[in-house]
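J.: Residue 1351 is where the sequence shown starts when you use my numbering, and the numbers rise one by one after that.
Note that CB positions come from ideal geometry on N, CA and C, so glycine has one too.
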Amino acid sequence: MRKVKTGGGWPALLYTLRKGREAGGIWQLWKAMRSKNACKTCALGMGGQRGGMVNEAGHFPEVCKKSLQAMVADMQGAITPDFWAKYGPDELRGLSPRELETCGRLTQPVLYTTELKRYQPISWEEAYSRIVGKLRELTPDETFWYFSGRSSNEAGFLLQMFARLYGTNNVNNCSYYCHQASGVGLTSVTGSGTATVTLEDVEKADLVFVIGGNPASNHPRLMRSLMSVRRAGGEVVVINPILETGLVNFSVPSDVRSMLFGTKIASLYIQPHIGGDLALLTGICKQIVETKAHDVPFLENNCNNWDELRDWLATVTWEEIIAKSGVPRAEIDEIAKRYAKAKNVVFSWTMGITHHVHGVENVQAIGNLALLRGMVGKPGAGLMPIRGHSNVQGIGSVGVTPKLKDVLFDRLQSHFGVTLPTSEGRDTMACMEGADNGELKFGLCLGGNLYGSNPDSTFAQQALEKLDTLVYLSTTLNTGHAFGLAKETIILPVLARDEEPQATTQESMFNYIRLSDGGPARHAGPKSEVEVIASIAAGVAGFHDRSAVAPGSAGGLNPHNGAESNGAATPGRSPGLHYGLEAVNWRSMQDTGRIRDAIAAIVPGYEQIAEIDKNKQEFQVGGRTFHQANFPTYNGRANLHTHQLPAIQGTGERELRLMTIRSEGQFNTVVYEDYDLYRGVERRDVILLHPDDIRRLHVDASMTVAVHGPAGTLRNVRIHPFEEIRPGNAAMYYPEANVLVSRHLDPSSKTPAFKCVIVRLEAEGLALAH
Ligand SMILES: Nc1nc2c(c(=O)[nH]1)N[C@H]1C(S)=C(S)[C@@H](COP(=O)(O)OP(=O)(O)OC[C@H]3O[C@@H](n4cnc5c(=O)[nH]c(N)nc54)[C@H](O)[C@@H]3O)O[C@H]1N2
Ligand SMILES: Nc1nc2c(c(=O)[nH]1)N[C@H]1C(S)=C(S)[C@@H](COP(=O)(O)OP(=O)(O)OC[C@H]3O[C@@H](n4cnc5c(=O)[nH]c(N)nc54)[C@H](O)[C@@H]3O)O[C@H]1N2
Ligand SMILES: [Mo]
């Protein structure tokens, strides 16, 4: 396959036409894409009340392939009842992620048990009764609740509140495998866990750092902003062990000049070794201070720990920095030179920074670099984690974390007149470990693919199989439904956000809240997420008899907060009684307006959400964008940090450092296409190796190899010679490569080191063409 010379461009437009046919016509797809709903894919965010494909600055059309793919997947036909007679778990395991996704929309609840050995359609009543029965039998800390970032703020809020009042804090979201290190790192720097900038700030910058990410394929709409920065004479510095085609040159589909001639994106491209960023960032800081380009008044007036950082930068040697980053001194000086002359600088980063055992330290080092020149706390400059799922940030904001922030905890208690549990909740890996050692018996996944996203796939399968009950709320099938099976597994079909009967909200990575109108359901059968959650909660709380209360009607309840006012609780019936589970009328809480009232009262900065469905005013969450150097830390100053530099791993004679990455043709565990357009790779069962490593390891492209990693081995892997990767480093595609990845976590954020897996190759035989 020939590698394309530019990202985006005509292939992206032609793809749109092809997808249109799959969706039942271009017009159908256009209408769906233009509806007033937030885009379903990445957290850059678009759509909402300005209409689909419009960003918050009003720019139209904003398009990317991934948003089309996600839409077309939701527009496909339904899985027919006879499907389940033909496809049991064994057959599903034989299907690829793409085949699973294209089986169709889930429309009926299905049940698998180890006795049945297959899936069988069941009624919603039976599904609820099994789930409620199990929850009433267990102690709350035997359960866990995993959330993907696709669901709405309303569904996220309601489910975490139910889980807590039921009695457990084992509540977490996919962030633990994604940007948790950014949240923890940023909080330790500024006191706030999200981006300090808006989209407008990015476009005002005269230098943008893109560290450890491939936005050309994973956040293509950011490319338009990077193009604007370059056109205004600004710079883009990329730090990435792979020279990514789309970061070198990109054709922005919505810009004629860019489409015709392409746009140069990176003005400087630096390729460190995998894991070398902490040393590299420290080196740039050292050079900035040595050349006196730092902002001393800012450091003295607005930062804590400046003396410590200054002393540490004076102590750490250039030899250490160069050896541990893999970047020569001249290149470090070159980055520092460009940084020193820029006036407004935005620092962005993605998984190449967070997926390491020192992920939090990486983020803190980016914070140091920005603070050294006063680049946080003014317009046009700041810190910007480029987040993943479209609402992963909102899910976190509304309380889907094991430990609630103190203010959320207190306000949730007082708003509903309940008591919350104070036990320590589990992060995602702690849930997997609890499932494996028998401490956990029940799990519920609101979207996502917990099995597929886990490191150490063999362990993940084995752990989930030990659970008594696992419930999935899903739109389509994924590998989790084939491999992540508990003794009793129930899949509940849910509506996508643009099919919801009521409005919902989503939060972008710029802290911008969008309102999605919802729309007509495409199939009879799937239910709205909030309805499913409210039904389960009502069942556990013992309000079966109240199920007739229509959403929106107060039904004899305190109209302001849904709290029960007539004391109808039946003592001793459910575990959550202790916390006030029965004091909430869960049926009334399936009204998303009522949930938003609660969110407005409980989540700081979210006050305006109470009126959003009436005034249609989308807004920026208060208190998170820093255009002034006044930070929510104990003394209003930002924190600098010092770190010991980790050595480069995997330097043994036969070793390679392996990163597990996404192709342009997938969205997380959902693989839409086997080829990786921008890297010119045709298949997924490959390892991308630099020609120098191919020679060093005495392998070649005509053979297959076994790749041995810390958690397991992948056989029959083909070698794809890849000049663009820094020698000594290799890449394979996620989720397939999760067989190899160990459960080694960053101790502070509990994020797995998906990007630094030490592997060895063993030659197998000739690669046969097929
Ligand atoms: N098309 C598409 N878009 C997506 C997704 C998708 O699967 N497909 N997923 C969404 C989600 S949930 C997320 S979190 C984001 C992920 O977005 P990205 O983080 O861009 O995705 P990855 O493929 O994990 O990317 C890793 C990039 O980090 C680089 N890298 C690897 N190791 C290192 C390192 O040690 N240092 C540095 N500096 N760089 C390194 C790799 O070369 C690669 O370019 O994308 C979101 N958008
Ligand atoms: N080796 C390796 N592993 C990784 C990564 C890596 O880079 N390398 N990346 C990690 C990252 S960044 C992340 S975010 C995780 C991804 O982790 P997850 O979020 O758990 O996984 P996804 O594949 O995004 O989940 C997709 C599924 O969500 C369901 N879905 C889609 N839309 C909706 C909806 O509207 N409602 C509901 N209820 N369900 C819906 C569909 O069934 C679909 O199959 O994986 C992590 N794992
Ligand atoms: Mo992610």
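Pick helix, strand or coil for Asn-1503, following the three-state DSSP scheme.
T.: In the structure shown, Asn-1503 falls within a helical segment according to DSSP collapsed to helix, strand and coil.
J.: Per DSSP, Gln-1321 forms a beta bridge with which residues?
T.: The chain is shown only over 1351 to 2120; residue 1321 falls outside these bounds and no answer can be derived.
J.: How big is the Cα-Cα spacing for Trp-1360 and Met-1609?
T.: As the crow flies, the alpha-carbon of Trp-1360 is around 8 Å from that of Met-1609.
J.: Taking 6 Å as the cut-off, is the beta-carbon of Cys-1392 closer than that to any non-hydrogen atom of ligand 3?
T.: no
J.: Considering His-2058, what are the terminal residues of the alpha helix (DSSP H) in which it resides?
T.: Where His-2058 is concerned, there is no enclosing alpha helix (DSSP H), although the beta strand (DSSP E) it sits in stretches over 2053-2058.
J.: Measure the Cβ-Cβ separation of His-1569 and Cys-1392 and say whether it is below 7 Å.
T.: yes
J.: What does Val-1552 pair with, by DSSP beta-bridge criteria?
T.: Looking at the DSSP assignment, Val-1552 forms no beta bridge with any residue, so it has no partner.
J.: Is the region 1600-1620 touching the region 1698-1714, taking contact as three or more C-beta pairs under 8 Å?
T.: no
J.: Apart from the five residues on each side of it in sequence, which residues of its chain come closer than 6 Å, Cβ to Cβ, to Cys-1414?
T.: If the five residues before and after Cys-1414 are omitted, its C-beta is found closer than 6 Å to the C-beta atoms of Pro-1570 and Arg-1571, all from its own chain and listed in chain order.
J.: Select from Asp-1551, Val-1844 and Gly-1562 the residue whose C-alpha is nearest the C-alpha of Gly-1732.
T.: Asp-1551
J.: Around the Cβ of Thr-1829, are there at least 16 other Cβ atoms within 10 angstroms (buried) or fewer (exposed)?
T.: buried
J.: With Gly-1793 as the anchor, note down where its beta strand (DSSP E) starts and where it stops.
T.: 1792-1796
J.: Using a Cβ-Cβ cutoff of less than 7 Å, which residues in the same chain neighbour Tyr-1478 once the five nearest sequence positions on both sides are dropped?
T.: Ser-1885, Ile-1886 and Gly-1889
J.: Buried or exposed: Val-1844, going by 16 or more other Cβ atoms within 10 Å of its Cβ?
T.: buried
J.: Exposed or buried, His-2048, counting other C-beta atoms within 10 Å across all chains shown (16 or more means buried)?
T.: exposed
J.: Quick check: the Cα distance between Ser-1897 and Lys-1877, rounded to an integer number of angstroms?
T.: The pLDDT assigned to Ser-1897 is 43, lower than 50, so where the model puts this residue is not dependable, and the model offers no usable value.
J.: Does DSSP put Met-1734 in a helix, a strand or coil?
T.: strand
J.: Is Ala-1846 near ligand 2, with its Cβ less than 6 Å from a heavy atom?
T.: Yes, since a heavy atom of ligand 2 falls inside the 6 Å radius drawn around the Cβ of Ala-1846.
J.: Could you have a look at Val-2020 and say whether DSSP puts it in helix, strand or coil?
T.: strand
J.: Going by the beta-carbon positions, is the gap between Gly-1633 and Ile-1671 smaller than 7 Å?
T.: A contact, by the Cβ cut-off of 7 Å.
J.: Just to confirm the assignment, what range does the alpha helix (DSSP H) spanning Met-2009 have?
T.: Segment 2005-2011 is the beta strand (DSSP E) holding Met-2009; no alpha helix (DSSP H) there.
J.: Can you tell me which of the three DSSP states Thr-1356 falls into?
T.: coil
J.: Taking the Cβ atom as the reference point for each residue, do Gly-1793 and Phe-1494 lie within a distance shorter than 7 Å?
T.: yes
J.: Starting from Asn-1291, trace the beta strand (DSSP E) in both directions and tell me its first and last residue.
T.: An answer regarding residue 1291 cannot be provided, because it is not within the stretch 1351 to 2120 covered by the chain.
J.: Please report the Cβ distance between Glu-2038 and Phe-2072, rounded to the nearest whole angstrom; I am assuming they are in contact, meaning their Cβ atoms lie under 8 Å.
T.: Checking the sequence, you will find Leu at residue 2038 rather than Glu. Yes, Leu-2038 and Phe-2072 are in contact; Cβ-Cβ is about 4 Å, under 8 Å.
J.: Here's a check: name, in chain order, each residue in its chain whose Cβ is nearer than 8 Å to the Cβ of Leu-1442, leaving out the five neighbours to either side.
T.: Leu-1450, Leu-1827, His-1831 and Ala-1832
J.: In chain order, which continuous runs of the alpha helix (DSSP H) of length 4 or greater are located wholly inside the region 2037-2092?
T.: 2041-2046
J.: As a quick exercise: from Leu-2111, Ser-2098, Met-1939 and Arg-1987, pick the residue whose alpha carbon is nearest that of Gln-1510.
T.: Met-1939
J.: When you compare only the Cα positions, how much space is there between Ala-2103 and His-1705?
T.: 5 Å
J.: Smallest Cα separation from Arg-2046: which of Asp-2024, Arg-2110 and His-1991?
T.: Arg-2110
J.: Work out the CA separation of Pro-1996 and Lys-1674 for me, nearest whole Å.
T.: Each residue's alpha carbon lies about 7 Å from the other.
J.: Measuring CB to CB, does Ile-1620 end up less than 7 Å from Ile-1589?
T.: yes
J.: Would Gly-1395 be called buried (16 or more neighbouring beta carbons within 10 Å of its own) or exposed?
T.: The residue in question, Gly-1395, is buried, as its Cβ has 16 or more Cβ neighbours within 10 Å.
J.: Taking its Cβ as the centre, do 16 or more other Cβ atoms sit within 10 Å of Lys-1484, making it buried, or is it exposed?
T.: buried
J.: Enumerated in chain order, which unbroken segments of the alpha helix (DSSP H) with a length of 4 residues or greater are wholly contained in the region 1718-1770?
T.: 1742-1747 and 1756-1766
J.: Kindly examine ligand 2 and report whether one of its heavy atoms sits closer than 6 Å to the Cβ of Asn-2134.
T.: The structure shown does not extend to residue 2134, since the chain is modelled only from 1351 to 2120, so the question has no answer here.
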